[in-house]
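Those protein sequence lines, which keep their order, are chains V and S.
Residues in the first sequence are numbered consecutively from 391, following the numbering used here.
Residues in the second sequence are numbered consecutively from 5, following the numbering used here.
Where is the CB? At the ideal position from N, CA and C, for every residue including glycine.
The structure under discussion appears below in the form of structure tokens.
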Amino acid sequence: MFFQSARTLSKLGLGISAVGLLSLSTPAFSQSTANSINQMALAATCANCHGTNGVGVPNAGMPQINHLSSEAMLTQLKAFKSGARTGTIMHQLSKGYTDEQLQTISNILGKK
Amino acid sequence: MNRRHFLGVSSGASLGLLAGCASNPINISKANVVVVGGGYGGATAAKYIRLFSNNSAQVTLIEPNTEFISCPMSNLVVGGHTSISNISTPYDNLSKRHGIKVVKDMVTSIDAKQKTVRLASGATIKYDKLVLSPGIDMMMDRVEGLQKANQEGVTVQAWKAGPETVLLRKQLESMKDGGVYAISVPTAPYRCPPGPYERACQVASYFKQFKPKSKVLILDANDDVTSKGGLFKKAWASMYPGMIEYRSKHNVVAIDSKKKVIKFDVQDDVRADVLNILPMMRAGNIAVQSGLANSNARWVNVNYINFESTAAKDIHVLGDSIQVAPLMPKSGHMANSHAKVAAAAVVAELGGLEINQTPVLTNTCYSFISADEVVHVASVHQYDAKDKTFKTVPGSGGLSAEASKLEGVYAWGWARNIWADSLG
Chain V
391 MFFQSARTLS
401 KLGLGISAVG
411 LLSLSTPAFS
421 QSTANSINQM
431 ALAATCANCH
441 GTNGVGVPNA
451 GMPQINHLSS
461 EAMLTQLKAF
471 KSGARTGTIM
481 HQLSKGYTDE
491 QLQTISNILG
501 KK
Chain S
5 MNRRHFLGVS
15 SGASLGLLAG
25 CASNPINISK
35 ANVVVVGGGY
45 GGATAAKYIR
55 LFSNNSAQVT
65 LIEPNTEFIS
75 CPMSNLVVGG
85 HTSISNISTP
95 YDNLSKRHGI
105 KVVKDMVTSI
115 DAKQKTVRLA
125 SGATIKYDKL
135 VLSPGIDMMM
145 DRVEGLQKAN
155 QEGVTVQAWK
165 AGPETVLLRK
175 QLESMKDGGV
185 YAISVPTAPY
195 RCPPGPYERA
205 CQVASYFKQF
215 KPKSKVLILD
225 ANDDVTSKGG
235 LFKKAWASMY
245 PGMIEYRSKH
255 NVVAIDSKKK
265 VIKFDVQDDV
275 RADVLNILPM
285 MRAGNIAVQS
295 GLANSNARWV
305 NVNYINFEST
315 AAKDIHVLGD
325 SIQVAPLMPK
335 SGHMANSHAK
345 VAAAAVVAEL
355 GGLEINQTPV
365 LTNTCYSFIS
375 ADEVVHVASV
385 HQYDAKDKTF
395 KTVPGSGGLS
405 AEASKLEGVY
415 AWGWARNIWA
425 DSLG
């Protein structure tokens, strides 16, 4: 899974990222870089209301999401999508995403 | 960019500004991206090009204003429920936190062949990618006498938040009780579809408390309310009975500034005390002057997958200035959404990577029907590769069931978060 490798990279931090620059020409690595940008752009569709990278403005009035684990976030998003959880707007927005997209969003924005 | 700079910015990233981006190793430090316009589209694009490129792309934002004043929430200033300073955000975080070069200037011309922009100051800047988010301009010449009436202070638009918003508020405060405020709605598409109807609510909320004999007239060129129609009509009837009058198919063609009279193509003249006349709108001047507005010389056609202009390579156009896809509103939230799709595509193209084939846009729009009660409309737009456009997902999105104070809290939460997402 891409996410596992991305998380491993993330844990290893900058050193790996800097080394990674040298291997940009490797097709497999380029693809994972492209995927990473695409996934960040998908997760950024939540940022308008819930903050860049899921970190909302404190006490702004919008429910915070950055305390949720990826699993908990996905559970909530799926509950909104199925109608099991009601809301003012999230039950409408969640229905616009595929299950795979909700999984990606949760993986990116869930508490690390 | 040297290694020290790269490490320095990246350590800033580890403070949590872009924690999720650590897995993306792209480095396009030789790329120069110029962003024109610091609104919801441009500011967001500038910031996200930095984020998606691991802070490596060199980004210059050109914006003439010293701070961003939000159009969403500005109707609350007209209604007397908030102030301009409460809806203003400085640009300095874009430079301090994200390393964007913010230049206080205006672009006067674009050379798409040489890939340069010329500024009012006389400077020329070269770009590898140009992101243009110029917003809208008013087609003042479509209404006879409007330019003159504006100059005389008889009419006002206040459709770009700022001094005009304050001027409109002052005109309402100066109006005698028993007077008439008229707002005209141009033929769609125009910036912020529900905006005129929200403004009518805001003016009525002020009149209801302070000038109860006064009247709000909505003169709409369209056949019916263009957004949230049921919710607005319910609010007008239940909260402002006898105060707000809605007239459809009222297309303004002329203004008599001496008599404060509005003339229409068919219907009888209307006299008002405060005249908020919104003419038809088009893409911002620079898009029209540079020939990019290739849809009826009014809006910019783009390839929706990366928001690149169909008229010029490596110029990506965002926000209210584009020819929209079906059911895509001209809104701040949508411009912010455009910007993220465009930013990802710009970074991928500069890095020699394949661009996203399945981009997603969202829109959320809150309207205040009083000081604190709000209704929304929301939508999700997925890219359709076959038809090369964005389409709303069947069964998704929708309207508020009814107005609520809870959504009033969320509306302010939305505003504070999108301002931080675009400029913070």
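Rounded Cβ spacing between residue i and residue j (contact assumed at less than 8 Å)
i	j	result
residue 105 of chain S	residue 70 of chain S	Not really, about 16 Å apart at Cβ, beyond 8 Å.
residue 416 of chain S	residue 451 of chain V	5 Å
residue 258 of chain S	residue 267 of chain S	4 Å
residue 158 of chain S	residue 261 of chain S	4 Å
residue 42 of chain S	residue 67 of chain S	3 Å
residue 187 of chain S	residue 280 of chain S	4 Å
residue 333 of chain S	residue 245 of chain S	Not quite, the Cβ-Cβ distance comes to about 29 Å (not below 8 Å), so this is no contact.
residue 322 of chain S	residue 274 of chain S	37 Å between Cβ atoms; not a contact.
residue 340 of chain S	residue 199 of chain S	Contact doesn't hold; Cβ gap of about 17 Å is too wide.
residue 140 of chain S	residue 325 of chain S	7 Å
residue 122 of chain S	residue 107 of chain S	Actually they are not in contact, since the Cβ atoms of residue 122 of chain S and residue 107 of chain S sit about 13 Å apart, beyond 8 Å.
residue 172 of chain S	residue 82 of chain S	6 Å
Buried or exposed by the 16-neighbour rule on C-beta atoms within 10 Å, applied to residue i
i	result
residue 356 of chain S	exposed
residue 449 of chain V	exposed
residue 331 of chain S	exposed
residue 181 of chain S	exposed
residue 490 of chain V	exposed
residue 457 of chain V	exposed
residue 29 of chain S	buried
residue 128 of chain S	exposed
residue 488 of chain V	exposed
residue 415 of chain V	Confidence is the limiting factor: at residue 415 of chain V the pLDDT is only 43, short of 50, which leaves the residue's position unreliable and the question unanswerable from this model.
residue 214 of chain S	exposed
residue 410 of chain V	Low local confidence applies: a pLDDT of 37 at residue 410 of chain V is under 50, so the model's placement there is unreliable, with the coordinate-based value given in what follows. Classification of residue 410 of chain V: buried, given that the 10 Å Cβ count is 16 or more.
residue 434 of chain V	buried
residue 382 of chain S	buried
Beta-carbon contacts of residue i that lie in its chain and below 7 Å, excluding the five residues immediately before and after
i	result
residue 166 of chain S	73
residue 314 of chain S	298, 305, 306 and 307
residue 143 of chain S	283, 284, 285 and 286
residue 150 of chain S	144, 159, 259, 281 and 283
Contacts around residue i, its chain only, beta-carbon distance under 6 Å, and the 5 residues preceding and following it disregarded
i	result
residue 26 of chain S	With a pLDDT of only 44 at residue 26 of chain S, under the threshold of 50, the placement of this residue in the model should not be trusted; the figure read from the coordinates follows. Excluding positions up to five away in sequence, the list is empty.
residue 437 of chain V	none
residue 62 of chain S	36
residue 467 of chain V	484 and 492
Nearest-angstrom Cα separation, counted from residue j out to residue i
i	j	result
residue 109 of chain S	residue 125 of chain S	7 Å
residue 235 of chain S	residue 379 of chain S	7 Å
residue 384 of chain S	residue 35 of chain S	32 Å
residue 492 of chain V	residue 431 of chain V	13 Å
residue 372 of chain S	residue 406 of chain S	12 Å
residue 131 of chain S	residue 477 of chain V	45 Å
residue 278 of chain S	residue 224 of chain S	16 Å
residue 59 of chain S	residue 353 of chain S	16 Å
residue 400 of chain S	residue 486 of chain V	5 Å
residue 494 of chain V	residue 364 of chain S	13 Å
residue 440 of chain V	residue 498 of chain V	13 Å
residue 426 of chain V	residue 377 of chain S	40 Å
residue 77 of chain S	residue 91 of chain S	7 Å
Selected residue, minimal CA-CA separation from residue i, among the options
i	options	result
residue 370 of chain V	S:403, S:291 and S:423	Summary: the structure shown does not reach residue 370 of chain V, with chain V confined to residues 391 through 502, and so no result is reported for it.
residue 303 of chain S	S:129, S:79, S:61 and S:138	S:138
residue 191 of chain S	S:147, S:156 and S:99	S:147
residue 212 of chain S	S:176, S:231, S:189 and S:223	S:176
residue 228 of chain S	S:251, S:315 and S:238	S:251
residue 219 of chain S	S:254, S:240, S:174 and S:428	S:240
residue 163 of chain S	S:194, S:136 and S:314	S:194
residue 168 of chain S	S:289, S:312, S:88 and S:361	S:88
residue 329 of chain S	S:32, S:394 and S:111	S:394
residue 255 of chain S	S:413, S:270 and S:334	S:270
residue 465 of chain V	V:484, V:447 and V:434	V:484
residue 320 of chain S	S:80, S:82 and S:119	S:119
residue 481 of chain V	V:453, V:456 and V:470	V:470
residue 84 of chain S	S:203, S:127 and S:39	S:203
residue 95 of chain S	S:156, S:48, S:367 and S:199	S:48
residue 33 of chain S	S:179, S:40, S:55 and S:45	S:55
Residues near residue i in its chain [Cβ-Cβ closer than 8 Å; skip 5 each side]
i	result
residue 293 of chain S	113
residue 52 of chain S	343, 344, 347 and 348
residue 428 of chain S	93, 97 and 101
Residue i CB to nearest heavy atom of the ligand SAH below 7 Å
i	result
residue 384 of chain S	As far as ligands go, the structure on display features none, and thus does not contain the ligand SAH.
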